[in-house]
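Protein chains: 2
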Amino acid sequence: MYLETINGPEDVKKLNIDQMTELASEMRQALLKRASIHGGHFGPNFGMVEATIALHYVFDSPKDKIVYDVSHQTYPHKMLTGRKDAYLYEEHYDDVSGYSNPQESSHDHFTVGHTSTSISLACGLAKGCDLNGKKENIIAVIGDGSLSGGEALEGLDFAAELESNLIIVVNDNDMSIAENHGGLYENLKLLRETKGQAECNLFRAMGLDYIYVDEGNNVKELINAFEQVKDSSRPVVVHIRTQKGKGYGPAEKDKETWHYNAPFNLETGEALAQPQGDDYSDITADYLLDKMKKDPSVVAITSATPTVLGFTKDKRDKAGKQFVDVGIAEETAVALASGIAANGGKPVWGVYSTFVQRTYDQISQDLCINNNAATIITFWGTVYGMNDVTHLGLYDIPMMANIPNLVYLAPTTKEEYLAMLDWSLEQQEHPVAIRVPGGPVLSNGQAVTKDFSKLDKYEITQSGKTVAVIGLGNFYSLGLDVASELQKQTDIHATVINPYYITGIDKELLENLKKEHDIVITMEDGILDGGFGEKIARFYGDSSVKVLNYGLKKEFLDRYNADEVIKKNRLTKEQITEDIKNLLNR
Amino acid sequence: MYLETINGPEDVKKLNIDQMTELASEMRQALLKRASIHGGHFGPNFGMVEATIALHYVFDSPKDKIVYDVSHQTYPHKMLTGRKDAYLYEEHYDDVSGYSNPQESSHDHFTVGHTSTSISLACGLAKGCDLNGKKENIIAVIGDGSLSGGEALEGLDFAAELESNLIIVVNDNDMSIAENHGGLYENLKLLRETKGQAECNLFRAMGLDYIYVDEGNNVKELINAFEQVKDSSRPVVVHIRTQKGKGYGPAEKDKETWHYNAPFNLETGEALAQPQGDDYSDITADYLLDKMKKDPSVVAITSATPTVLGFTKDKRDKAGKQFVDVGIAEETAVALASGIAANGGKPVWGVYSTFVQRTYDQISQDLCINNNAATIITFWGTVYGMNDVTHLGLYDIPMMANIPNLVYLAPTTKEEYLAMLDWSLEQQEHPVAIRVPGGPVLSNGQAVTKDFSKLDKYEITQSGKTVAVIGLGNFYSLGLDVASELQKQTDIHATVINPYYITGIDKELLENLKKEHDIVITMEDGILDGGFGEKIARFYGDSSVKVLNYGLKKEFLDRYNADEVIKKNRLTKEQITEDIKNLLNR
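Dropping the structure here:
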């Protein structure tokens, strides 16, 4: 087995073409086995095996520097740069992260997880090299799907300004997570069909040199191409045509499903565990499809992650032109929603908490200054969500809650969620965002009669004394737990409050609490800095009411255990109850 | 005079070509006179006079909808849509804002001020129209300079997906505020040189139809072109070549200076008032130029606003390759800075507070997760800065202060600013941002010996009792004023604190304050929500120390008077002193 002998790029360079082709096959086997047991990004890695071998054969990493876009296609790179054990041996599977990671290896230059950043980051490496008078090859590897993102297109445009080496490898498998969306993909298709010969060429129009490799899964072809551009003194695009999921039948056939996978049966491709119970994505799609039937102005928008809204292929087909995928282009998604709302439509953009970060200026300028009635739904804004440092859902509250005009809502149950969504779609006054609760779907079957147009009105759901607990969104249930723990331990019957609104405070209700309460507790599923609880602390700043804010510390967590993080931040009902008792006894 | 008879687009339609050409000349005269007395955006409007006439002749606004990018070129549009008085008569000059504004007219569809948003917003209008089965022409007008921004490029790419009318007018005057930067401008040049005939065409590569108008200041040519694309059922680009500042000699010659102007002498073009005294932009450029001479790895970065960093043309020439203008591409600026820092360089990106908003995800992901030692300088983050609703500098603290790993500093004097900048450039540990104080430059000549690497260490600059005043950045001097007012009125000698750090709290110092202080006051020049003061309120939440946070209410202010806003937010020393006394007497 060649793979077992590869301890770094220098070992790749010892192989001949046939041996490298065999190595590719071994790598695919290892990837397949690991994926079936461990899960992970599948399709992107399978397509990049040969290109990664060729890159390490031709270039001299880490002096030459490779930056992978999104970096969920770095498994082959990790295998060839001293980390093969994490792909060969089950007991080492968790030795590596799913993304490029400078803490693992000097062959990784950035921790990357969001798309469309590689070219601009690589421009920086190239400029740094240039300023210091060094000679290095700087290589950005970017998938076709990531090209539609604003930062990537900015980078393509700016790259031509660099009077230095920069090699942009466009890994074209004709797929994003789902199918690609955008006019540039017609040009990529034309380039593939003409084997790079078409005169009209996006990359050349951006001022870049360009070469095309038709067999992007052929080691020899790739080596030839990379040798051609090595040490180039100006930016050049190497457009390689690859096959997503290459080498595993089910993945070649259903590329969308096999972009990322949970552990599966190797022979059939079927997942080992079936998802259990209700899911907010499905609930959302069902609600919206029903709404769309009754109202042709309702439109769902995704930026390349249709299933976060529950819109699988069949549901997208059902929605027809009432479903829009803008591709990886979050900024455009927000502007589109604002424009649709300004012209009589009812747009709903669904997005992961971690990606809503890509649209601060658009939410503020395109949407909120204009006060257009678009709806944003943020998913997985929770400590119980994705736990890679690049995909945390812990920052959407400080990012969004401090933008004027935005109404950011935090439902605690399925019923509240749907009532808010329905209210948001039917009102014309405000841009509204809804933070879907993290964790399992809670449903109590109770009809929600609250009028959400009366902004910032909290609700006392349990009336008590001495201590008031304000539990935001999916931490509302923690609030209930704390209240009952407190009752058990101290006989204090606490007031419990569902605030509903993240973006504003209910001054009247908070003022009234002063009469019979000494302590107010807030709880939120996100970092505390700039969040919801601090607004309550500010409100009570000049009073004798004491405030304890519960949430997470401002830090970049990585591959954490949620229960440990909860404990470390004193977020269990026992810890909180203990704090309350201590404060009462002071 | 034709202009006096124009009360709306219907009056433009009554004119023949010769009359419209005369109208254009009258409009230019009015613009010139107004600019000389009132100031405003000059070059962009002068180039767009004929195109605006032609648009209103051919299309039926407001049923047909025109969206202007940045919208600082909407003066001609406003003149033709019922707002001519604001350009003809001095007493009405302030009746209109400098940007498109739906509150002024049904011919304006969005309040716009940041660049690169028009195409995506127009896509939304087109989609809204389509969903409702309406027939409208939707027109986005975008300058060549704005095309390099991520959102614009995303929009160009996505537009091709629309199966509906969308007309993108590219107003190509071969200039941004300064010269353009990026490879796509080579393609625009090629298209101009070949009169739109070149096969390699950025817009076609994005999947769009395309026509070219060589004489973009010729009403007849423009009318022909617009008639050709009117009612088109698919997206099309109309690329028009215009002349920035056309019709005024000094502006035609020096396009950068005449992008925006203060009141000036009509004959000579000289400004009526000369800027007085020191300026943080000049100070920055002088410091950096000196540093660059000694250290080749220092590099200044701008995203199309070089003078915010003080880099006028002569200083850019002096800096040579140590100055990089990425064009309007803020996202790329941040990624570039991160990449440069990762490869041995010392990058400094200078940006207006209002535009740093465009880079939340890049600051978080590209820069801070990677903890690269790049420096960001934010300018005009203050209530005393730009006062258009789209250009407020009041949100950078909540946006940036809650991102992990970032060290955001608030100097109070020129000496502190330069000491922080120097420290930031020489350290390798942290991404650092510095918030340049708003208002006039304060200098006390005192050497700064503080070690900024000891993070979050505040400084007691005046030791007192009972009341502690924490004045952040340029509100530190307000803190001093409040302390002396309080001494005068109550004999309380307050403690005064310069916190330096926006991103963290000095727990030890704050803890110590508890001993001899009953009240802690915070002051910041920005909105309170998600800001600095709330962190202090949270810290003292469980104690008997009372906290009063001073800053601005979360709202979108527009064309405000700073003194009035200060009063309304109780930010005068008298108001604050009154509040303190009231709280002491409670």
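Chains as they are written, first to last, in numbering that gives the first Met the number 0: chain G, 0 to 585; chain Y, 0 to 585. For each residue, glycine too, the CB sits at the ideal point set by N, CA and C. Here the structure is a predicted model, which means the values were calculated and not measured.
Identification of residues in the segment 302-316 of chain G having a C-beta nearer than 7 angstroms to some C-beta of chain Y yields an empty set. In the pairwise beta carbon analysis, the segment 327-343 of chain Y is classified as touching the segment 371-385 of chain Y: at least three pairs are separated by under 8 angstroms. Residues of chain G whose Cβ lies closer than 8 angstroms to the Cβ of V466(Y) do not exist; the shortest such Cβ separation is about 13 angstroms. As DSSP reads the structure, K545(Y) sits in a beta bridge with I518(Y). Segment contact: the segment 140-153 of chain G against the segment 102-118 of chain G, three or more CB-CB distances shorter than 8 angstroms; contact assigned. A distance below 7 angstroms between beta-carbons, with the five flanking residues on each side excluded, links V325(G) to the following residues of its chain, in chain order: H180, I300, S302, T331, A332, L335. Beta-carbon to beta-carbon, I496(G) and I459(G) are separated by about 6 angstroms, close enough to satisfy the 8 angstroms threshold. By the Cβ neighbour-count rule, R33(Y) is buried, with 16 or more other Cβ atoms within 10 Å of its own. At a cut-off of 7 angstroms between beta carbons, R537(G) contacts chain Y. Around the beta carbon of S119(Y), 16 or more other beta carbons lie within 10 angstroms, which makes this residue buried. Around the beta carbon of I375(G), 16 or more other beta carbons sit within 10 angstroms, so the residue counts as buried. As a beta-bridge residue in DSSP terms, Y67(Y) pairs with V140(Y).
Residue-level contact by beta carbon holds for M205(Y) and chain G, with a gap shorter than 7 angstroms. For G326(Y), the C-beta contacts it makes with chain G under 9 angstroms involve E153, D156, F157, E160, in order along the chain. Close partners of E554(Y) in chain G (Cβ separation under 7 angstroms): P403.
The DSSP-derived three-state label of V431(G) is strand. Note on geometry: alpha-carbon atoms of T267(G) and A177(G) lie some 22 angstroms from one another.
As a beta-bridge residue in DSSP terms, L551(G) pairs with I526(G). Between L393(G) and L551(G), the gap from beta carbon to beta carbon is short of 7 angstroms. Here L161(Y) carries a coil assignment [DSSP, helix/strand/coil]. The segment 48-63 of chain G makes contact with the segment 207-221 of chain G, as at least three CB pairs between them are under 8 angstroms.
Around N136(G), the same chain offers F58, D63, N164, I166, K229, D230 as residues with beta carbons nearer than 7 angstroms, after the five sequence neighbours per side are excluded.
In the pairwise beta carbon analysis, the segment 496-515 of chain G is classified as touching the segment 527-546 of chain G: at least three pairs are separated by under 8 angstroms. Less than 7 angstroms divides the Cβ of E523(Y) from the Cβ of F474(Y).
Annotated three-state conformation of I210(G) is strand, per DSSP.
According to the DSSP secondary-structure assignment, R240(G) is paired through a beta bridge with D171(G). The C-alpha of Y98(Y) is placed about 27 angstroms away from the C-alpha of Q18(Y). Residue environment for S105(G): exposed (fewer than 16 other C-beta atoms within 10 angstroms of its C-beta). Here the segment 405-416 of chain Y lies against the segment 441-457 of chain Y, with 3 or more beta-carbon pairs under 8 angstroms apart.
The three-state secondary structure of D278(G), taken from DSSP, is coil. Within the segment 377-401 of chain G, the runs of alpha helix (DSSP H) at least 4 residues long that lie entirely inside it are, in chain order, 395-399. If you look at T301(G), you'll find it in the beta strand (DSSP E) that goes 297-301. For G470(G), the enclosing beta strand (DSSP E) covers residues 465-470. DSSP, reduced to helix, strand and coil, places Q461(G) within a strand of the structure shown.
From the listed residues S96(Y), T521(Y), D10(Y), the smallest Cα separation to T494(Y) is found for T521(Y). L405(G) and I362(G) do touch by the CB rule: their CB atoms are close to 7 angstroms apart, below 8 angstroms.
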